[in-house]
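Below is one structure, written out as structure tokens; comments come after it.
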Amino acid sequence: MPRPAHSKAPSYSWIRRLATPYLPGYRAAAEARGALRGYRFFAHGAPRTRTQSGFFVGYLIDPANHEFLRPQTPECIVFAFIEPVGSASYCRLVTAEGSLLHRTAKYIVCLTHRPPRFAWSENQAVVLARHFSMRAWPAEKHQHYSRNFFIETLAWLVRSGLVRKLASEASLSGGRARSIERKK
Numbered sequence: 004m005p006r007p008a009h010s011k012a013p014s015y016s017w018i019r020r021l022a023t024p025y026l027p028g029y030r031a032a033a034e035a036r037g038a039l040r041g042y043r044f045f046a047h048g049a050p051r052t053r054t055q056s057g058f059f060v061g062y063l064i065d066p067a068n069h070e071f072l073r074p075q076t077p078e079c080i081v082f083a084f085i086e087p088v089g090s091a092s093y094c095r096l097v098t099a100e101g102s103l104l105h106r107t108a109k110y111i112v113c114l115t116h117r118p119p120r121f122a123w124s125e126n127q128a129v130v131l132a133r134h135f136s137m138r139a140w141p142a143e144k145h146q147h148y149s150r151n152f153f154i155e156t157l158a159w160l161v162r163s164g165l166v167r168k169l170a171s172e173a174s175l176s177g178g179r180a181r182s183i184e185r186k187k
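The working numbering puts the sequence shown at residues 4 to 187.
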């Protein structure tokens, strides 16, 4: 049985080239499993530690595991992620009073005067997300409109300082993990 037109996964190979200038120092990895299609951009310190942080730029094609965002798939989506939820880094970067992500969420909401606004999710790996349904868009305009959405959203993340600060935090976390391992 054919899938409905609105659930078809859009092409995403061009996203890496578009997002890379906004996310310098992040390592891109294609994401084509589950509900997401696009690229995760990992902060450089992340692979050396159990904690991974960075950004996802792409499409949400199924609401599974993302119901907390109340999506209307298919959607274009950009989000900051910290994994695993509940780790020491997650607590420091997300749940602690005055944390980097919490301060950024408060600030970036002020930057976005019109919908879609950024959504804050404290107990999820997807911490700060901006997403928009493509259902009403003509299929031939999906890439064009989502490109505009990605550029606008990434520019706000850069302006907020989150791109630079999250990369810096990942470097510090990786350094802390290496020094702890050497002491053992």
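Ideal Cβ placement from N, Cα and C applies to all residues, glycine included.
Own chain, CB closer than 8 Å to residue i, minus 5 neighbours either side, in chain order
i: S124; result: F71, L72, V130, L131 and A132
i: S163; result: T107, Y110, I111 and L114
i: Y42; result: Y15, I18, R19, A22, A31, A32, A33, E34, F59, V60 and G61
i: P275; result: As shown, the chain starts at 4 and ends at 187. That puts residue 275 outside it, with no answer to give.
i: K168; result: L103 and T107
i: Y93; result: T54, I85, E86 and P87
C-alpha distance - residue i paired with residue j, whole-angstrom precision
i: M188; j: S149; result: The structure shown does not extend to residue 188, since the chain spans only 4 to 187, so no value can be given for it.
i: A91; j: L104; result: 14 Å
i: W159; j: Y25; result: 10 Å
i: S16; j: R53; result: 28 Å
i: V97; j: P87; result: 11 Å
i: T156; j: G89; result: 27 Å
i: H145; j: V81; result: 15 Å
i: E143; j: I85; result: 34 Å
i: A122; j: F153; result: 15 Å
i: G101; j: P141; result: 42 Å
i: V161; j: N151; result: 15 Å
i: R36; j: H116; result: 33 Å
i: H204; j: N126; result: The shown model of the chain, from 4 to 187, leaves out residue 204, and the question about it has no answer.
i: R95; j: E172; result: 10 Å
Paired residues, beta bridge with residue i - DSSP
i: H134; result: I80
i: L63; result: L39 and E78
i: E86; result: Q55
Nonlocal neighbours in the same chain, by C-beta distance under 7 Å from residue i, ignoring five residues either side
i: Q75; result: S136 and R138
i: G28; result: H47 and A170
i: A128; result: F84, I85, E86 and V88
Per-residue burial, residue i [other beta carbons within 10 Å of its own, 16 or more giving buried]
i: H134; result: buried
i: A99; result: exposed
i: R40; result: buried
i: A32; result: exposed
i: H147; result: exposed
i: A46; result: buried
i: A67; result: exposed
i: L165; result: buried
i: C79; result: buried
Beta-carbon contacts of residue i that lie in its chain and below 6 Å, excluding the five residues immediately before and after
i: A83; result: F58, V130 and L131
Chain B within 8 Å of residue i, Cβ atoms only
i: W140; result: The question asks about chain B, but that chain is absent: this structure has only one protein chain.
Segments assigned alpha helix (DSSP H), at least 4 residues, entirely inside the region 13 to 47: Runs found: 18 to 22.
Whole alpha helix (DSSP H) elements within the region 145 to 172, 4-residue minimum: Inside the region 145 to 172, DSSP marks whole alpha helix (DSSP H) runs of 4 or more residues at positions 145 to 163, from first to last along the chain.
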